[in-house]
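**Q**
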Amino acid sequence: VFAPIAFLMGIPWSEAVPAGSLMATKLITNEFVAMLDFKNVLGDVTARTQGIISVYLVSFANFGTVGIIVGSIKGISDKQGEKVASFAMRLLLGSTLASIISGSII
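Numbering (the numbering used here), first residue to last: 108 to 213.
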């Protein structure tokens with residue numbers, strides 16, 4: 108699913124599938140799991156792809172981080188926590204887009 112996005116970020120198509128897989132792993136789990144998987148493909152991708160993926164992986168764009176944000180706000184104020192929870196998916200989309208843009212700058 109993320110291979111076309113990786114390609115649009117500037118990753119060669121031959122490397123887009125492993126890069127897209129890392130991007131999806133990061134979104135679903137977290138950056139630590141994705142970094143552990145990243146070390147397995149380091150020798151198979153170019154230095155530019157390594158840079159793009161490295162920048163993408165060091166962001167907070169994942170479900171766990173959004174949950175932490177919602178839980179923290181809810182701990183302060185239930186009313187505001189519900190409001191933040193109502194747009195949690197937009198938070199995730201925005202943070203993912205920011206990660207994609209940051210990685211594309213490389």
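A virtual CB, placed ideally from N, CA and C, is assigned to each residue, including glycine.
Compute the distance between the beta-carbons of I112 and I213, then report whether it is under 8 Å.
**A** Not closer than 8 Å, so no.
**Q** In whole angstroms, what is the alpha-carbon distance linking F114 and E189?
**A** One C-alpha to the other measures close to 37 Å.
**Q** Quick check: what's the CA-CA separation for I135 versus G178?
**A** Looking at the two C-alpha atoms, the distance is approximately 18 Å.
**Q** The alpha helix (DSSP H) that contains N147, what's its start and end?
**A** It spans E138 to V148 - the alpha helix (DSSP H) in which N147 sits, taken as one unbroken run.
**Q** Any C-beta of chain B sitting closer than 8 Å to the C-beta of L164?
**A** Given the protein chain composition of this structure (a single chain), no chain B is represented.
**Q** On the CB-based measure, 16 or more other CB atoms within 10 Å of its CB, does M116 come out buried or exposed?
**A** By the 10 Å Cβ count, M116 comes out buried.
**Q** Just checking, does the stretch 139 to 146 make contact with the stretch 193 to 204 on the three C-beta pairs under 8 Å criterion?
**A** The answer is no - the stretch 193 to 204 does not touch the stretch 139 to 146, with fewer than three Cβ pairs under 8 Å.
**Q** Let me confirm a value: A123 is counted as buried when at least 16 other C-beta atoms fall within 10 Å, else exposed. Which label applies?
**A** Counting Cβ neighbours within 10 Å, A123 comes out buried, since at least 16 surround it.
**Q** In the DSSP assignment, find the alpha helix (DSSP H) that holds F114 and state where it starts and stops.
**A** Counting along the chain, the alpha helix (DSSP H) containing F114 begins and ends at A110 to L115.
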